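Novice: The structure follows.
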Amino acid sequence: MDTKVKIISMDEIQAEEIKWLWKPYIPFGKLTIIQGDPGEGKTTFVLRLAAQLSQGKGFDESMEITEPMNVIYQTAEDGLADTVKPRLLSANAECSRIKVIDDTEKSLYMDDERLEIAIREQNAKLLILDPLQAYLGDRVDMNRANEAREMTKKLSAMAERTGCAVILVGHMNKGSGAKAAYRGIGSIDFFAIARSVLLVGRVPNDSSIRAIAQIKNNLEKEGETMAFRLSDSGFQWLGEVDISADELLSGCSSTDKHKIAVEFLQNALSEGKEVPASSIFAQARSLGVSKRTMENVKQELGVKSIKSGNLWMWKML
1 MDTKVKIISM DEIQAEEIKW LWKPYIPFGK LTIIQGDPGE GKTTFVLRLA
51 AQLSQGKGFD ESMEITEPMN VIYQTAEDGL ADTVKPRLLS ANAECSRIKV
101 IDDTEKSLYM DDERLEIAIR EQNAKLLILD PLQAYLGDRV DMNRANEARE
151 MTKKLSAMAE RTGCAVILVG HMNKGSGAKA AYRGIGSIDF FAIARSVLLV
201 GRVPNDSSIR AIAQIKNNLE KEGETMAFRL SDSGFQWLGE VDISADELLS
251 GCSSTDKHKI AVEFLQNALS EGKEVPASSI FAQARSLGVS KRTMENVKQE
301 LGVKSIKSGN LWMWKML
């Protein structure tokens, strides 16, 4: 047997910390998918992100941006002159830092060497492909796992080599009621290879608010759902909002969850019962109610915390 096997010993590997563009949502050197139904604000969000980075700014203090960054933005759906540029200008982008690879003469695909060349030449910190389906090429069936995996693995390896954050913008399929992880168009391999997956959708009780919910994170604990408002006055960053990805898809509103939380807590603490706070939070989580919502309802109902040994107990007074 002439086959030689190359073995890597883990004592030869230098441990490294994950670097983040936006912790824990968008890592450097990895693939991030941002998906959602058409018209829900995916492109608006990524263009606003690009604009912020070009100015050396983040959305809030969780984005530790210390200097302006170059961004490569590739779109197959919107015109650069009549759609992309006006959006960037309205976001006060430093347009000299937003780059586009000219693909008018030769189509650009995920495994195209021009991506890596452009990232290195432009010192780009973020690459956005919008939408991802347009950059697979006619020769790839995105619903066939082996083909989708091979193409995405090549892009992932390129991100690793360059240290550039890569965002793939994807549309959702039409499966109603499915969990968020399985509603991205095409093979589940896209979801599997991406280290972070974000869902953008409208908050049910306020259509002007879009939520960004993390439905996968292989590198860190999943982040809180964040939100922004789109209105006639423009884009407004709102920060944390209490809604999950599956609730965005199902149309469950924060009002519904508040009602569930009130009824649950009243029942759990009926007849003067004392219940460990940890148990309350665990049961609430199984109902799709966040810790923050439970703490708010606790205050509304006048529930008190009582120390009993090493436990904090909740009791209705």
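Numbering follows the UniProt record's numbering, with no gaps: position 310 of the sequence shown is 310. Ideal Cβ placement from N, Cα and C applies to all residues, glycine included. Quantities reported herein were computed from a predicted structural model and do not represent experimental measurements.
(1) Go to SER308, then tell me how far its beta strand (DSSP E) extends in each direction, as first and last residue.
(2) Using CA coordinates, which residue listed in ASN218, ILE209 and ASN205 is at the minimum distance from PRO24?
(3) Would you grab the beta carbon distance between ILE8 and PHE191 for me? Rounded to a whole angstrom, and I think it's under 8 Å.
(4) How big is the Cα-Cα spacing for LYS259 and LYS42?
(5) With 16 as the cutoff for other CB atoms within 10 Å, does VAL5 come out buried or exposed?
(6) Just tell me which of VAL46, THR83, GLY201 and LYS307 has its CA closest to the CA of SER278.
(7) With a floor of 4 residues, list each alpha helix (DSSP H) that falls wholly inside the segment 103-161, ordered by position along the chain.
(8) Just to confirm, is the Cβ distance from LEU248 to LYS298 under 8 Å?
(9) List the DSSP bridge partners of TYR73.
(10) What are the partner residues of ASN217, as DSSP defines its beta bridges?
(11) Would you mind giving the Cβ-Cβ distance between ILE212 and VAL200, rounded to the nearest angstrom? I have them listed as a contact below 8 Å.
(12) By the three-class DSSP mapping on this structure, what secondary structure does THR32 have?
(13) In the structure shown, what three-state DSSP assignment does PHE235 receive?
(14) Could you check if PRO86 is buried or exposed, using at least 16 other CB atoms within 10 Å of its CB as the buried criterion?
(15) Compare the C-alpha of ASP130 against each of ALA159, ALA124, ASP112 and ILE72 and name the closest.
(16) Taking C-alpha atoms, which residue in GLU160, LEU136 and LEU238 lies nearest to ARG149?
(17) Do PHE281 and LYS273 have their C-beta atoms closer together than 8 Å?
(18) With contact counted as at least three CB pairs below 8 Å, one residue from each stretch, are the segment 59-67 and the segment 91-108 in contact?
(19) What residue range is occupied by the uninterrupted beta strand (DSSP E) comprising LYS315?
(20) Kindly list the residues whose CB is nearer than 6 Å to the CB of ALA178, restricted to its own chain and excluding five residues on each side of it in sequence; keep chain order.
Specialist: Reading it off the structure:
(1) Its beta strand (DSSP E) spans residues 303-308.
(2) Checking every option, the nearest Cα to that of PRO24 belongs to ASN218.
(3) Taking C-beta atoms under 8 Å as the contact rule, ILE8 and PHE191 fail to qualify, at a distance of about 27 Å.
(4) Taking the straight line joining both Cα atoms gives about 30 Å.
(5) So VAL5 counts as exposed.
(6) Closest in C-alpha terms to SER278, from the list VAL46, THR83, GLY201 and LYS307, comes LYS307.
(7) Runs found: 113-122.
(8) Not in contact: LEU248 and LYS298 (Cβ atoms no closer than 8 Å).
(9) DSSP, once it has assigned bridges, lists ILE128 as partnering TYR73.
(10) Per DSSP, the beta bridge partners of ASN217 are SER196.
(11) With a beta-carbon spacing of about 6 Å, ILE212 and VAL200 fall inside the 8 Å limit used to define contacts.
(12) Of the three classes helix, strand and coil, the one that applies to THR32 here is strand, per DSSP.
(13) Of the three classes helix, strand and coil, the one that applies to PHE235 here is strand, per DSSP.
(14) By the neighbour-count rule (16 or more Cβ atoms within 10 Å), PRO86 is not buried but exposed.
(15) Measuring from the Cα of ASP130, the nearest candidate turns out to be ILE72.
(16) Minimum Cα distance to ARG149 is reached at LEU136.
(17) Result no, Cβ atoms of PHE281 and LYS273 do not sit closer than 8 Å.
(18) No, the segment 59-67 is not in contact with the segment 91-108.
(19) Segment 311-316, the beta strand (DSSP E) holding LYS315.
(20) Because the pLDDT of ALA178 is 48, which lies under 50, any placement of that residue in the model is unreliable, and the number read from its coordinates should be weighed accordingly. Non-local C-beta neighbours of ALA178 in its own chain, meaning closer than 6 Å and more than five positions away in sequence, are absent.
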